[in-house]
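Chemist: For the sequence shown, the working numbering gives the first residue as 698, with consecutive numbering after it. Backbone N, C-alpha and C define an ideal beta-carbon position, used for all residues, glycine too. I'd like to ask you about the structure that follows.
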Amino acid sequence: MAKNTDTEVEELAPAGEREIDDSRKGVYEIGYHIVPSVTEEAAIKSAKELSDLVKKYGGEIVGDRAPVRIQLAYTIEKRVSGKRSRFNEAYFGWIAFEATAGTIEEIKKNLDADASFLRYLVVVTDKDAVAAALSGAVADVPVVGDIGKPKREAEVGGEVSEVALNQALESMASEDAKVE
């Protein structure tokens, strides 16, 4: 621990060198995308397998949402069966559970090896946030649609004579000459 005259500052090791307390339980959420090339039943089966995997490693399920097919905000590329594939849709679902940090590492290894999972994200959460999501307290943001290009307001004035235009241009040219 390094000392500062005003406060004490704890020096942290780089992420790869920190020791993880595998025995401390926390609440985690995994949000995931399943490849759209599978059927809805297969996507639900993959979600069930993820739930079983969490339980296998001692996790306790707090809540979940079954995967539903969605349009992605951007194209995701992934190598599937030796060939690069592009996806604009996926099945999105999530699962929240209580587990140890060691459990998370094992689950991530399994997800990385499963070709049906396009992408996933593990976050630390709490039971209150999960309960709020399950109760519908977290409202879905409605899709409003394309707002289009901003429209320029019509300029008020009228026609400018050629003489007035030439005078304005000469005035600007003389101003520029003064600046140089």
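#1: For the segment 751-762 against the segment 800-809, do three or more pairs of beta-carbon atoms, one drawn from each stretch, fall closer than 8 Å, so that the two count as touching?
#2: If you drop the 5 nearest sequence neighbours on each side, which residues of the same chain put their C-beta closer than 8 Å to that of Ser858?
#3: For the alpha helix (DSSP H) that Asp749 lies in, which residues bound it at each end?
#4: Would you mind working out which of Ile792, Ala830, Ala796 sits nearest Leu818, comparing C-alpha positions?
#5: Let me confirm a value: Gly790 is counted as buried when at least 16 other C-beta atoms fall within 10 Å, else exposed. Which label applies?
#6: Quick one, which of Glu726, Phe794, Pro733 has its alpha-carbon nearest Gln664's?
#7: CB-CB under 7 Å to Lys824, same chain, minus the five flanking residues each way: which ones, in chain order?
#8: Less than 8 Å between the beta carbons of Tyr771 and Ala740, yes or no?
Modeler: So, to answer that:
#1: Contact between the segment 751-762 and the segment 800-809 is present: three or more C-beta pairs spanning the two stretches fall below 8 Å.
#2: Excluding sequence neighbours, Ser858 sits near nothing in its chain.
#3: From DSSP, the alpha helix (DSSP H) with Asp749 extends over 737-753.
#4: Nearest C-alpha to Leu818: Ile792.
#5: Burial call: buried.
#6: This structure does not reach residue 664, given that the chain is present from 698 up to 877, and the question cannot be answered.
#7: Cβ within range, chain order: Val724, Val759.
#8: Taking the C-beta atoms as reference points, Ala740 is found no nearer than 8 Å to Tyr771.
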